[in-house]
Amino acid sequence: MDNEALYQQRFARIKKTIALEPVDQIPVVYMGNAFAPRYMGMSMAKFCADPEAALQVTMATMDKLNGFGGLDGCNLAGGGRIAPQLTTIWLSHIAEPGKELPADSLWQVQEAEVMTHDDYDTILKGGWNNFMMGYFPRVADPNDLFPALQWMGANGARIAQLYREHGYVTICDAPVMFTIPFEYLCGGRSMTKFYFDLFRMPDKIEAVMQVMLEEFLAQIAAAPVIPGTIGATWIGGWRAASALVSPKLWDRFVWPYYLKIAEAEIAKGYTPVLHWDQDWSRDLVRLQELPAGKCILNPDGMTDMPKFKKLVGDRMAMMGDIPSSILAAGTPDDVYKFVRDEVELFEGKGLILCPGCDAPINAKPENMEAFVAAAHEYGKVPA
Amino acid sequence: MTDALAAAISDLEEEQANKLVQERLAAGTSPQDILASCRDGMELVGKRYEAGEYFVSELIMAGEMFKQANAALASHFGAGGGATKGKVVVGTVKGDIHDIGKDLVVGMLKAGGFEVIDLGVDVPKEKFVEAAKDSGARVVGLSGLLTISFDSMKETVAALKAAGLPVKIMVGGGPLTEQVREYVGADALGADAQVAVRLANQWM
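So the protein lines, in turn, are chains A and B. Quick note: the first sequence, position 44, residue 53 per our numbering, numbers continuous. Quick note: the second sequence, position 185, residue 256 per our numbering, numbers continuous.
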């Protein structure tokens, strides 16, 4: 089978999985920014500095892993410079290897209170997007940040085509990507300061979030729908997790925004991918408020999978969920067992096997290879 | 709960708690007694966390309130006013610069009556050994958010054991599991800040 035929087969398999329809084989996809350069012997400094090198080493990693049984595609396409992309989500300075950090270390978010209380007023008066253009220079050199983002814009179509030529489907391929207002503000303010704000000035925070939400919804409404794509779109979450935020705060500052954004994206024809790091088990029942067969949950190994399956397994696909701790500290036998148990739990549908969040920098190569091989071995679904 | 200050802290009423601390100082209440009320409040916060009523958001807010009360009391303590249950060395291990989880544990340990030697973030194993040796601490807490912290923790645990120090070692942080605890060779997994306090109490 040539790569285009493979692509078509895999594309159909992933679409059916999202729609909770039976498949011949449970799809298995790659996700692992920092794993790729370490796996292929590239320095982290080069991976972070050279957008084309990042693309090529990710593709080489996927091709190599594909040899262990077959990869259907990837969660998010690799390529481009990771730190500038993270800056736009975390609203924090990202320390990079080869710059502030040793050449072969992992990039790291520098937690700091950059956004101020006065900034809340600025957002209320002038809007979120206007504010952001003035904010970015506080956390990144504009001469570094904006060309890196422009590179992504200029090369997006080429990257998508390259993946397709290699036979890989990119799941999150929609031209919009958000997290909820909570996460942007939490990144800019720093976690502790933002949590204080939630207690000390809840009404103002809510007003700011509403301003942000309105702009996000307008952007979703204006975004194009590209025929022939999966049309999935990433909605991240980490510090808004149920394990961190009490129900009173979560019900007011977290869930309503996921719901509104997801509903707008579904109405547009996109498939929201709730990329939820940390433990969201307490509130999984709320996912029942979303329409069936239209969304994906993409956790990081900490959310209770059996509970997800029980509460919403007949309404929403799961993309995950091999924990990073197993990939980094476990053995191939541990990986095989986890994959087997996960496949059994999902009974042949509604599951896309993927590393939880993403494969860490120090995932053992043999564990990643075992992940693909185990997915191939256990993922066949009897007709 | 009858003490108003303990109640204000446990209910996260920040202004009320600060006001009560000032009023009691002005009324001549000993700083030790005021601190004891604050610790009672923090103990209730911990119980509510364990009961699933409070979450990390509340622990962080309560920790801030306890810190404010301590700052207000600091200049009023005389010699011996800072008597504690014992010393604990805490830090985020080499290669990891995350401090939120570590700070939360430091705050809860202090509220629990321990003296904490906070080494900060990106701490090499030699610093942990040196701090444990110099302070005579009996408990060391290693924090890490990233999976790259696993090997740093393993090396730090090995260094502490090689130094022959009579310390118990706990590890904690987002991706840590019992499997990782075993991998790094620590004595216990501090799955959250409350567990860390409980372990320190057990080991003192």
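The beta-carbon is built from N, C-alpha and C at its ideal position, and this holds for glycine as well. Please read all numbers here as calculations on a predicted model, not as lab measurements.
Which residues bound the beta strand (DSSP E) around residue i?
i	result
PRO364 of chain A	360-364
ASP330 of chain A	326-331
ALA104 of chain A	102-104
MET275 of chain B	No beta strand (DSSP E) contains MET275 of chain B, which DSSP labels as neither H nor E.
ALA276 of chain A	Run containing ALA276 of chain A: none in the beta strand (DSSP E); it sits in the alpha helix (DSSP H), 264-277.
MET113 of chain B	MET113 of chain B -> not in any beta strand (DSSP E); alpha helix (DSSP H) instead, spanning 102-121.
GLU186 of chain B	186-189
THR158 of chain B	The identity of residue 158 of chain B in the sequence shown is Lys, whereas the question assumes Thr. Residues 158-163.
MET241 of chain B	239-243
Determine the burial state of residue i: buried for a count of at least 16 other Cβ atoms within 10 Å of its Cβ, exposed for fewer.
i	result
ARG119 of chain B	buried
ASN42 of chain A	buried
ASP163 of chain A	According to the sequence displayed, residue 163 of chain A carries Ala and not Asp. Classification of ALA163 of chain A: exposed, given that the 10 Å Cβ count is below 16.
MET72 of chain B	Unreliable positioning characterises MET72 of chain B in this predicted model, as indicated by a pLDDT of 49, which lies under 50. A coordinate reading is not provided.
GLU135 of chain B	buried
MET10 of chain A	exposed
PRO106 of chain A	buried
GLU351 of chain A	buried
SER146 of chain B	exposed
GLN93 of chain B	exposed
ASN139 of chain A	exposed
ASN12 of chain A	exposed
ASN152 of chain A	exposed
GLU353 of chain A	exposed
PRO391 of chain A	exposed
ASP342 of chain A	exposed
PRO315 of chain A	exposed
PRO237 of chain B	exposed
GLU120 of chain A	buried
Pop quiz: residue i and residue j are said to be a contact at Cβ under 8 Å. What is the actual Cβ separation, rounded to whole angstroms?
i	j	result
HIS284 of chain A	ILE244 of chain A	7 Å
SER108 of chain B	ASP74 of chain B	5 Å
MET179 of chain B	ALA122 of chain B	So it is not a contact: roughly 16 Å between Cβ atoms.
GLU122 of chain A	ARG198 of chain A	6 Å
ALA271 of chain B	PHE185 of chain B	6 Å
MET275 of chain B	GLY117 of chain B	At roughly 17 Å, the Cβ-Cβ gap does not stay under 8 Å, so MET275 of chain B and GLY117 of chain B are not in contact.
GLY244 of chain B	LEU216 of chain B	5 Å
ASN376 of chain A	LEU336 of chain A	5 Å
VAL251 of chain B	SER334 of chain A	5 Å
PRO281 of chain A	GLU274 of chain A	5 Å
GLU192 of chain A	ARG147 of chain A	Actually they are not in contact, since the Cβ atoms of GLU192 of chain A and ARG147 of chain A sit about 18 Å apart, beyond 8 Å.
Which residue from the options puts its Cα closest to that of residue i?
i	options	result
VAL381 of chain A	A:GLN34, A:TYR16 and A:LEU80	A:LEU80
THR248 of chain B	B:LEU231, B:GLN273 and B:SER220	B:SER220
SER112 of chain A	B:GLY212, B:GLY166, B:LEU175 and B:PRO237	The question names Ser, but residue 112 of chain A is Ala in the sequence shown. The shortest Cα separation from ALA112 of chain A among B:GLY212, B:GLY166, B:LEU175 and B:PRO237 belongs to B:GLY166.
LYS389 of chain A	A:ILE361, A:LYS108, A:ASP367 and A:GLU223	A:ILE361
ASP170 of chain B	B:ASP222, B:ASP193 and B:GLN87	B:ASP193
ILE188 of chain B	B:VAL177, B:LYS196 and B:LYS90	B:VAL177
LEU133 of chain A	A:ASN376, A:LEU320, A:VAL220 and A:ARG349	A:VAL220
ARG47 of chain A	A:GLU192, A:THR96, A:GLY88 and A:SER114	A:SER114
LYS257 of chain A	B:GLN87, B:ALA97, B:TYR125 and B:LEU115	B:TYR125
GLU272 of chain A	A:PHE225, A:GLN287, A:PRO308 and A:ARG291	A:PHE225
GLY246 of chain A	A:PRO233, A:ARG209, A:VAL294 and A:TYR267	A:TYR267
LEU194 of chain A	A:PHE187, A:LEU222 and A:MET124	A:MET124
PRO156 of chain A	A:MET218, A:GLU192, A:VAL178 and A:ILE91	A:ILE91
VAL234 of chain A	A:LYS202, A:ILE189, A:VAL185 and A:MET218	A:VAL185
ASN371 of chain A	A:ALA45, A:LEU15 and A:GLU120	A:ALA45
VAL294 of chain A	A:LYS269, A:LYS277 and A:MET325	A:MET325
Starting from residue i, follow the alpha helix (DSSP H) in both directions and report where the run begins and ends.
i	result
GLU120 of chain A	Counting along the chain, GLU120 of chain A falls outside any alpha helix (DSSP H), and DSSP gives it neither H nor E.
ILE80 of chain B	75-81
HIS126 of chain A	126-135
SER52 of chain A	Taken as a continuous stretch (DSSP letters only), SER52 of chain A belongs to no alpha helix (DSSP H), as it is neither H nor E.
ASN307 of chain A	Run containing ASN307 of chain A: none in the alpha helix (DSSP H); it sits in the beta strand (DSSP E), 305-308.
GLY281 of chain A	The identity of residue 281 of chain A in the sequence shown is Pro, whereas the question assumes Gly. It is not in any alpha helix (DSSP H) - PRO281 of chain A instead sits in the beta strand (DSSP E) that spans 280-285.
SER146 of chain B	Taken as a continuous stretch (DSSP letters only), SER146 of chain B belongs to no alpha helix (DSSP H), as it is neither H nor E.
SER88 of chain B	The sequence shown places Ala at residue 88 of chain B, rather than the Ser named in the question. Residues 85-97.
Rounded to whole angstroms, what is the Cα-Cα separation between residue i and residue j?
i	j	result
GLU253 of chain B	ALA252 of chain A	24 Å
PRO31 of chain A	GLY357 of chain A	7 Å
THR340 of chain A	ASP59 of chain A	32 Å
LYS173 of chain B	GLU85 of chain B	23 Å
ARG261 of chain A	ILE214 of chain A	10 Å
PHE347 of chain A	GLY165 of chain A	34 Å
GLY191 of chain B	THR227 of chain B	15 Å
GLY237 of chain A	ALA169 of chain A	12 Å
LYS90 of chain B	ILE80 of chain B	11 Å
ILE305 of chain A	TYR204 of chain A	28 Å
LYS24 of chain A	ALA301 of chain A	14 Å
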